[in-house]
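Shown next, in structure tokens, is the structure this report addresses.
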């Protein structure tokens with residue numbers, strides 16, 4: 001290979017110049033070192049000081065990228081009118097030489113970095129080979145630059161091939177750092193964030209896994225398994241890593257994962273490492289309660305007890321959209337009106353919605369033509385009810401032309417297995433009723449091709465219970481209903497939804513309850529008693545809350561199983577003292593905003609580490625209050641937290657003192673009931689009734705339980721008490 005003798009090039013203005021050939025020789029030596037390191041990779045042990053150099057790889061890798069792009073742009077002929085000038089080629093030489101130098105250094109650093117534990121897999125291998133080829137290509141490109149410039153087509157081909165290699169190598173590096181499909185995630189339908197209804201959400205898939213993906217999987221994946229730990233799947237989580245399994249519910253701190261999370265950020269073993277995005281308090285709470293509840297990877301959120309801490313956390317994150325969003329345009333109103341008759345009703349799914357539902361009546365007057373007649377609005381129809389209509393297999397060919405159909409009721413029709421094949425084009429079908437038809441398990445198996453299918457009703461068919469178990473085993477997304485009789489589906493209603501965001505209210509605050517099943521009746525109570533379908537209040541839009549109350553609500557509908565109870569406590573804003581103070585400061589880690597925490601009308605949640613809570617460990621909480629003018633006092637409410645696993649117990653005693661001068665007398669006291677076993681964390685309230693009395697000065701003393709009970713794992717230890725609000729009535 002012949003290399004042109006060239007003049008010195010000034011790399012940085014004002015800095016000493018060096019000859020190109022000398023730099024090229026350094027590049028050649030660097031590439032030889034690179035290939036040697038690659039060949040002897042398995043035998044290399046990188047010392048700590050070289051690890052520091054290796055970790056500078058992400059810092060300098062942008063330099064060769066930018067220089068290569070500048071070189072390609074320059075040589076492509078942006079200023080080709082100066083091509084006959086010596087300075088034009090000289091600048092091109094300098095850019096190419098700088099690219100070769102920086103790419104060689106970057107590749108050596110990257111190879112050193114890859115020798116650290118956790119960098120394994122095909123992606124790392126592809127990134128490594130791409131990173132090594134780039135400096136080698138740049139070296140030969142520089143050595144043959146004069147010959148390549150004379151053959152423009154070959155030069156452009158070299159530039160294009162190098163650019164493709166650069167993009168490929170960079171993409172592999174991004175995958176190692178940020179996870180698979182990092183580049184295409186914003187335009188990938190699978191990766192776009194989806195709105196998940198609470199009723200459809202899974203505990204692990206939709207609550208826990210997103211936390212791990214956001215904060216853990218970047219370092220613990222199949223391509224970059226730090227500590228030999230892969231957290232991409234439930235199997236990897238259960239297996240653990242080099243340091244053992246991730247959780248142990250018998251351990252005091254519930255095992256390795258939560259132990260590392262709670263270490264100080266400066267600690268070398270803290271996870272995620274310092275400098276990486278840290279877990280929020282809510283995310284820590286999700287992981288804690290998931291591990292504590294048994295770390296199920298298959299349970300639905302709706303299977304959790306309404307008082308379960310994990311469910312309460314989830315209710316803050318998931319909701320069912322009030323109205324679904326449809327991408328198609330509404331049908332012409334005149335067309336819809338002309339298609340309605342005595343035996344067929346087409347109506348909007350909801351006010352203002354472009355989606356339509358179709359209901360057929362009068363089996364004696366049904367003809368296949370009635371299905372074909374509604375094809376002009378096929379784009380807008382998402383629900384079709386053909387219950388007890390004389391529909392046969394041939395008619396299903398017409399139904400296949402409705403592309404947005406999501407719900408199809410074919411109960412007690414004349415269809416059989418052979419007709420189900422016609423439903424394959426209905427890719428958006430979510431709910432299908434085949435009850436009372438001649439279908440069998442063999443025919444229903446054909447529906448596996450429907451990607452969106454979730455609910456299947458098939459009672460009174462040739463499908464046995466054994467068939468149902470087999471079908472559900474092969475189709476995990478399906479929920480097959482068979483526990484009903486007659487024309488009514490006997491399934492349990494979901495619990496009502498409380499839409500009031502605030503728990504601290506003013507008199508006359510509207511009570512906002514909602515249920516997504518049409519026709520469901522909501523009954524509720526305000527005294528914490530269990531609602532029934534006869535004596536309890538019937539909910540309507542005029543319902544109000546005018547006092548502190550525990551609202552319990554249930555949903556009822558004929559033919560459905562009664563819903564679980566929804567419970568929500570509301571607290572009426574009380575009288576706020578003109579001044580208040582704590583006799584002793586709370587624990588420094590849980591000091592909140594001092595005494596003001598108790599009177600800001602801002603309720604806390606299950607995360608006791610937020611400023612909404614104040615906590616005391618083995619010491620009394622004593623708060624004194626003064627009013628400029630005497631008030632009538634009838635009761636005191638304290639709202640607190642019980643988290644037995646964290647040693648937070650109900651207090652042993654609460655005393656209320658008051659008077660109109662310097663002398664105060666005991667006005668009331670409460671000895672709260674203590675739990676007899678471990679439970680999930682929950683919020684509670686303590687009401688201390690007082691015979692109405694005028695007071696100007698008050699004092700509330702809360703004494704913690706002397707020690708953890710005998711049944712507790714840490715029996716005899718001091719207890720914590722946590723409070724977020726005090727209401728004075």
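In our numbering, the protein residues as written are 1 to 729.
All residues carry an ideal CB built from backbone N, CA and C; glycine is no exception.
Give me the Cα-Cα distance between residue i and residue j, rounded to the nearest whole angstrom.
| i | j | result |
| --- | --- | --- |
| residue 492 | residue 558 | 11 Å |
| residue 613 | residue 646 | 15 Å |
| residue 487 | residue 353 | At residue 487 the pLDDT is 43, less than 50, meaning the model places this residue with poor confidence and gives no usable figure here. |
| residue 654 | residue 669 | 5 Å |
| residue 516 | residue 556 | 12 Å |
| residue 201 | residue 497 | 16 Å |
| residue 455 | residue 543 | 34 Å |
| residue 292 | residue 263 | 19 Å |
| residue 461 | residue 475 | 19 Å |
| residue 207 | residue 236 | 18 Å |
| residue 153 | residue 168 | 23 Å |
| residue 387 | residue 440 | 19 Å |
| residue 437 | residue 419 | 11 Å |
| residue 629 | residue 506 | 22 Å |
| residue 619 | residue 277 | 36 Å |
| residue 531 | residue 355 | 36 Å |
| residue 91 | residue 97 | 10 Å |
| residue 55 | residue 442 | 59 Å |
| residue 75 | residue 141 | 12 Å |
| residue 287 | residue 656 | 38 Å |
| residue 214 | residue 458 | 41 Å |
Select from the options the residue whose C-alpha is nearest the C-alpha of residue i.
| i | options | result |
| --- | --- | --- |
| residue 128 | 680, 104 and 625 | 104 |
| residue 711 | 718, 726, 677 and 681 | 677 |
| residue 62 | 107, 24 and 561 | 107 |
| residue 401 | 425, 388, 414 and 393 | 425 |
| residue 427 | 441, 390, 407 and 692 | 407 |
| residue 163 | 271, 212 and 70 | 70 |
| residue 502 | 446, 472 and 604 | 604 |
| residue 729 | 341, 694 and 703 | 694 |
| residue 680 | 146, 294, 587 and 436 | 294 |
| residue 300 | 727, 465, 494 and 471 | 494 |
| residue 451 | 441, 457, 430 and 434 | 430 |
| residue 290 | 313, 277 and 276 | 313 |
| residue 433 | 288, 411, 360 and 423 | 411 |
| residue 203 | 566, 55, 297 and 31 | 297 |
| residue 546 | 572, 267, 110 and 533 | 572 |
| residue 72 | 30, 342 and 99 | 99 |
Residue i lies in the alpha helix (DSSP H); which residues open and close that run?
| i | result |
| --- | --- |
| residue 259 | 256–262 |
| residue 640 | Segment 621–642 is the beta strand (DSSP E) holding residue 640; no alpha helix (DSSP H) there. |
| residue 376 | Neither: residue 376 is in no alpha helix (DSSP H) and is coded neither H nor E. |
| residue 335 | 333–339 |
| residue 288 | 281–292 |
| residue 213 | 209–215 |
| residue 64 | 62–75 |
| residue 55 | No alpha helix (DSSP H) holds residue 55; DSSP gives it neither H nor E. |
| residue 473 | 465–474 |
| residue 417 | 417–420 |
Beta-carbon within less than 8 Å of residue i's beta-carbon, same chain only, minus the 5 sequence neighbours each way: which residues are those?
| i | result |
| --- | --- |
| residue 165 | 130, 133, 134 and 137 |
| residue 689 | 634, 635 and 668 |
| residue 398 | 368, 371, 372 and 375 |
Quick one: what's got a C-beta closer than 6 Å to residue i's C-beta in the same chain, skipping five residues either side?
| i | result |
| --- | --- |
| residue 649 | 705 and 719 |
| residue 550 | 528 and 569 |
| residue 698 | 625 and 658 |
| residue 537 | 524 |
| residue 485 | Here residue 485 scores only 42 on pLDDT, less than 50, and its place in the model is too uncertain to base an answer on. |
| residue 685 | 637 and 639 |
| residue 643 | 681 |
| residue 309 | 289, 606, 680 and 681 |
Between which two residues does the beta strand (DSSP E) holding residue i run?
| i | result |
| --- | --- |
| residue 145 | Not the beta strand (DSSP E): residue 145 falls in the alpha helix (DSSP H), residues 145–150. |
| residue 692 | 682–703 |
| residue 359 | 356–360 |
| residue 653 | 653–659 |
What residues in its chain sit with their C-beta under 7 Å from that of residue i, if we drop five residues either side in the sequence?
| i | result |
| --- | --- |
| residue 587 | 615, 616 and 617 |
| residue 230 | 220, 221, 222 and 236 |
| residue 241 | 227, 228 and 229 |
| residue 337 | none |
- [ ] Tell me, please, whether the region 585–605 touches the region 551–568 by the rule of three or more beta-carbon pairs shorter than 8 Å.
- [x] no
Open item on the list: Measuring CB atoms only, is the region 579–587 touching the region 506–521, in the sense that at least three cross pairs come out at less than 8 Å?
Closed with: no
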